[in-house]
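Remarks on the structure that follows.
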Amino acid sequence: MREITLSQAVNEAIAEEMRRDRTVFLMGEDVAEAGTPFKVLSGLVEEFGTERVIDTPIAEPGFVGLAVGAAMTGARPIVDLMFGDFIYLVMDQLCNQAAKQHYMSGGKLSVPMVLRTNMGATRRSAAQHSQSLQAIVAHIPGLKVAMPSSAYEAKGLMKTAIRDNNPVVIFEDKLMYQDKAPVPEEEFLIPFGEAHIKRDGSDITLIATSSMVQVAEKAADLLSKEGIEAEVIDPRTIVPLDEAALIESVKKTSRAIVIDEGHQSYGVTSEIASRLNEKAFYHLDTPVIRMGAMDVPVPFSPALEDITVPTPDRVAETARKLCSGELIHAA
Amino acid sequence: MAKAKTNTEDYLRMYRQMMRIRTFEDNANQLYLSAKMPGLTHMYSGEEAVAVGICEALTDDDRITSTHRGHGHCVAKGANFKEMFCELLGKEEGYCRGKGGSMHIADQSHGNLGANAIVGGSMGIATGSALRAKLLGQDDVTVCFFGDGATAQGLWYEVMNMAALWTLPVIYACENNGYSEYTKTEEIAAGSITARAEAFGIEAFQVDGQDVLAVNELTQKLVARCRKGDGPFFIELMTYRYHGHHVGDINREYYRSKAEEKDWKDNRDPIIRFRSYLVSEGIATEDEIEAMNTEIEKDASEAVAYAEAAKYPDVSEVDMHIYAD
Amino acid sequence: MPHDVTMPQLGMAQDAGKIVSWLKSPGDPVSKGDALFEVETDKATMEVEAQASGYLTGVSASEGEDVAVGSVIARISDSADDDGPAPDAPAPAEPDGTSDALPEGKPVTMPQLGMAQDSGLLVSWQKSPGDPVKSDDVLFEVETDKSTMEVEAGSDGYLAATLAQAGEEVPVGHAVAIISADTPDTPVSRSVAVRTTAASEPAQPAAAETATRPETAAPAPPAPQPASGRILASPKLRRLALEQGLDLSRLVEAGHPQPYHVRDLEVLKALPQVSAHPEVTAGATAHHLVAKVSGDALTDFTQWAADAHGLTDADVLLAGLAGAALPAAGTVAVERFGASTSYAMPDTRRLSGVARTDAAPDLILRDLRGTAIRQPHMAADGIPVLTLTQRRKGVRITMECAAGQMTAQGAIQLLTDFAGMVEQPLRHLL
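Chains as they are written, first to last, in my numbering: chain S, 1 to 331; chain F, 1 to 325; chain W, 1 to 430.
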């Protein structure tokens, strides 16, 4: 199978959907000729013109608000939010407006829009350009949240998001844009709410999202050399969450570590760990461990930044302790 | 008063719609005061000529976005009393199946994109609706209703900029009733409100919001120009709210005097003014108007009785409509 | 058609309003928009306007009264002498004999004036019952958490009744005054408190109490929980052990290190599953506590007791100290070198009253000082056991008992008290 970058995969997905459905359009800061600072969208304006690939002023609440209104009245906007950190600027439009229209109207209005943005630290971008804010939006009923972990997921999830009749927020890992993965040439979609077992294992389950899937896979390699077989599962969408698949895996392995690049406290890891505790308690042989980013603003200095996010070594070390029966964090 | 037109039917409908709003609000006020209506509600009474003058210039395909003070827009855009009262009381047959209530009421089938409880919250939605019209080559126009208080929100300036850049068919209709909640707007607004729109190159108008014909005439012109691609526009409609910010805001002399309220009610009431105009122009007799009023009151009290007896949504609906299929 | 006057809802989640004052009298002509009464909620005090024109009649809620929102408190009728039945507000019983019907007139209810306002505080009356009032006369003052406000009569007439007194909270919607059109024959003055007392029947709560008491007493006391005997095991292992009928406490008895996980299951399966003491699930469910004390004071005390009081039997002293630590008077058996002697503690707990007995002991005091044993760890006996062993300097006291014999708290208390007395024997005399 051919291999393409995550960036190309996103571009392909959007182009395919724009060809398929003339109500789909793209807007955001520097999405047209510039193709975004990450060059993800390069070439789209040439094909679809500035009418459907719209450069906006630097006014995040404004253009996200426009997308909500366009979506409510029959268009399918894809909004590009240059950095995930800017989600804080658009909270009213996203959480009070987009997320609630369908419910407040008793099901009569809907907001089929995609907000594509990114996440991930270790790019030396410091505290306001490095955050992974998926938990913040996942907390809001009415929003769906997709977290592709490779080019394959990026394409399949983006196409599904564009066709979904709800507001969907897609977080892409900034560090992964140039990573290549096999992506079929023929059309495919990845349904929401279906986790993907990246690697089979019987001793411990590593549940990882987006950027952390690679970390978990590397940790599983390390563990395998020591005879510990880790199962790696990527939920792919955290809302909706394929709870059943995660529980099934934990029933098999009796142990789990949940890894996500958002802050650990009150985060995605906490939510998933909680559900396993509630629904797979009698299958747990060790506590479910959360591994998120440290609860600190992302620091600039590489010396500091690199220790804020989970690494394969630390995931492997934690898994090792769990598998050896050493009760970590015991009171 | 604007120049008389010959369209008797249109005039009578405008009167009727204004009266329907006033009657709806009187009943809603009663329902609220008598504790039959839960929540929080804001009366449109006094501002009827704004909603009616504008909405009578629109078609069902044209969209509006409404505000927390949104019953008037909803009636003016064609909603029925029955579903509206059901919504106010949280009943299953309400326009939003009881999930929106007073502050999110909307008859979506007539192009109402909903009342918004965030002040200025729908400015993006209205502008986005206009962007969609332009993008998909549809000729509908979107009117964004908001109050003078909302002109302080930054969102407005962001979306006006885009609307002007992209010549979107949107009309920003600022219902200036003089008060931002419990504060005189002149205390919180610097400069001129129309000048703010003009700064973006948007044509701005100020109109007597108590004169339904003046409002209607202006809106008709602007809607026609919007359809031709001349949008966006801004209208500041000078009006007055008879009640407090919300029902329950009764002792309000600390921000406005009873004398001022009395003056607006006695001398500038849009319904009284238009009624005497209709009579003096021979468009309707006092008797005909009284008969119309009686019919509207009957319609309202029947709708109230219906809504009071209507059933609440089943509890199983609580987690319905979070996500669209 | 008469128009009902109700206690208004003026905010979110507001249940009631206190009628601060009526601004119109029963019988007063009222115009739509007139201030009818003043209402106090937790937020504010506000004037409530008449929603119809006519005459205020059928006032059924008085000033100072808390009225549920939506309650009808008066009527606006077509004539001042509409004598239709009074609305549904509770007609209070009048203990002072003035329980005749309230005068005809317009009720002024405590208005709901803010969000989540339930009642208003009637600060003061500005008019007295019987006074003539003009509609814009201030009738009473009302205070909420936000402010104090004056409530106008709202109608001309006479203050025929005040239904709340200054200082009383009145639920919003409750009538606080009645304004009559004509001079009232016998102006009424009541308080909200009177109503409330009259409304509740004193016999009822008592009856309810006796009815529920046996039920609350009925459940058997909960089985004693082994507080210190908790086994650290994973949820999954616990489930598997339960399914396979395996007792995790066997692992504890076998000295297998905790915490236990599924991988310890094989070890558990290999262990015998029948306990030597079936009713006392030993080991895991036992209390084992150790205290270390300096023995010097005890030696001095023994000497002093012999010299000063002729108490030469050291065992009597030990039994006395141990017995004093028991929660109730009981028998202590002192065991030394295989011999056992029981002593009964008197109710007075005085050492001089300690005497030999043949009664079954409640506590064994096993004195192993002078032996080679240093750290006893025995399976629990039939009754709690205190063991004294020699330390290099002082005494070690070990407290052992089965969980069913004593709560963890009780065991801790007993050992603490006994150790304290051994360390400072004079404490016993206090």
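Cβ coordinates follow ideal geometry from the N, Cα and C atoms, glycine included.
Of the residues the options, the one placed nearest residue i, counting alpha carbons only
i      : options                           : result
F:A195 : F:I105, F:C174, F:R275 and F:E47  : F:C174
S:V53  : S:A293, S:V79 and S:H283          : S:V79
W:R238 : S:P57, S:T56 and S:T286           : S:T286
S:E243 : S:E326, S:T122 and S:S274         : S:S274
F:H68  : F:G114, F:R256, F:E47 and F:S280  : F:G114
W:I364 : W:E400, W:G64, W:F140 and W:W22   : W:E400
W:E506 : W:L388, W:S53, W:T45 and W:E168   : Since the first and last residues shown for chain W are 1 and 430, residue 506 of chain W lies out of range.
S:I204 : S:L189, S:T253, S:P299 and S:R290 : S:T253
F:T23  : F:G209, F:S45, F:Q206 and F:S316  : F:S45
F:A49  : F:C86, F:E83, F:K134 and F:T219   : F:T219
W:Y55  : W:P361, W:L271, W:G17 and W:D4    : W:D4
F:S180 : F:Y240, F:T59 and F:S276          : F:Y240
F:M84  : F:H321, F:S301 and F:I322         : F:S301
F:T167 : F:K228, F:K298 and F:C96          : F:K228
F:E92  : F:Y172, F:E308 and F:F205         : F:E308
Nearest-angstrom Cα separation, counted from residue j out to residue i
i      : j      : result
S:R124 : S:E261 : 15 Å
W:V151 : F:L33  : 18 Å
W:I76  : W:T57  : 6 Å
F:C144 : F:K99  : 23 Å
F:E203 : F:Q138 : 22 Å
F:Y312 : W:V67  : 26 Å
F:H42  : S:K144 : 33 Å
W:D347 : W:L317 : 16 Å
W:Q413 : W:V385 : 14 Å
F:V304 : F:F81  : 8 Å
W:L240 : W:E266 : 11 Å
W:Q409 : S:I259 : 42 Å
W:P361 : W:V395 : 23 Å
W:L232 : W:H287 : 16 Å
S:G292 : S:P302 : 18 Å
S:R76  : F:N251 : 48 Å
W:R366 : W:E335 : 5 Å
S:I228 : S:A319 : 9 Å
S:A9   : S:K159 : 10 Å
S:G49  : F:T127 : 21 Å
F:S129 : W:S124 : 57 Å
Anticipated Cβ contact below 8 Å, residue i with residue j, distance rounded
i      : j      : result
F:C226 : F:F233 : 7 Å
S:I140 : S:C95  : 5 Å
S:I170 : S:A146 : 5 Å
W:G173 : W:L122 : Going by Cβ atoms, the distance from W:G173 to W:L122 rounds to 14 Å, so no, they are not a contact pair.
W:F37  : W:S21  : 6 Å
W:P425 : W:L298 : 6 Å
S:L276 : S:V288 : 5 Å
S:V296 : S:A121 : Rounded, the Cβ-Cβ distance is 11 Å, inconsistent with contact.
S:Y103 : F:I118 : 15 Å between Cβ atoms; not a contact.
S:S7   : S:Y177 : 4 Å
heavy atom of the ligand SAH below 7 Å from residue i C-beta
i      : result
W:S155 : Although the ligand SAH was asked about, the structure shown includes no ligands whatsoever.
Three or more C-beta pairs below 8 Å linking the region 183-201 of chain S and the region 29-48 of chain S
no
Write down every uninterrupted run of the alpha helix (DSSP H) in the region 233-293 of chain S whose length is 4 residues or greater and which is fully enclosed by it, in chain order.
243-253 and 268-279
Minimum length 4: unbroken alpha helix (DSSP H) runs contained in the region 199-253 of chain F:
If we require 4 residues or more, the alpha helix (DSSP H) runs fully inside the region 199-253 of chain F come out as 212-227.
Is there contact between the region 18-27 of chain W and the region 48-58 of chain F, where contact requires at least three CB pairs shorter than 8 Å?
Counting C-beta pairs with one atom in each stretch, the region 18-27 of chain W and the region 48-58 of chain F have fewer than three that are closer than 8 Å, which means they do not touch.
Would you be able to state if there are at least three C-beta pairs under 8 Å between the region 307-319 of chain S and the region 206-224 of chain S?
yes
With a threshold of 8 Å, are at least 3 pairs of Cβ atoms found where one atom belongs to the region 254-264 of chain F and the other to the region 140-160 of chain F?
The region 254-264 of chain F is not in contact with the region 140-160 of chain F.
Suppose only complete runs of 3+ residues qualify. What are the beta strand (DSSP E) ranges in the region 39-69 of chain F, listed by chain order?
63-67
With three or more beta-carbon pairs closer than 8 Å as the criterion, would you say the region 14-23 of chain F touches the region 169-186 of chain F?
The region 14-23 of chain F vs the region 169-186 of chain F: no contact.
Which full runs of the beta strand (DSSP E) of 3+ residues lie inside the region 310-345 of chain W, going along the chain?
As far as the region 310-345 of chain W is concerned, its whole beta strand (DSSP E) runs of at least 3 residues are 331-336 and 339-344.
What beta strand (DSSP E) runs, 3 residues minimum, are completely inside the region 91-133 of chain S?
Taking only runs of at least 3 residues, the beta strand (DSSP E) segments lying wholly in the region 91-133 of chain S are 114-119.
The region 237-257 of chain F: which residues have C-beta closer than 9 Å to a C-beta of chain A, in chain order?
Chain labels in this structure do not include chain A; the protein chains are S, F and W.
With a floor of 3 residues, list each beta strand (DSSP E) that falls wholly inside the region 97-122 of chain F, ordered by position along the chain.
112-116
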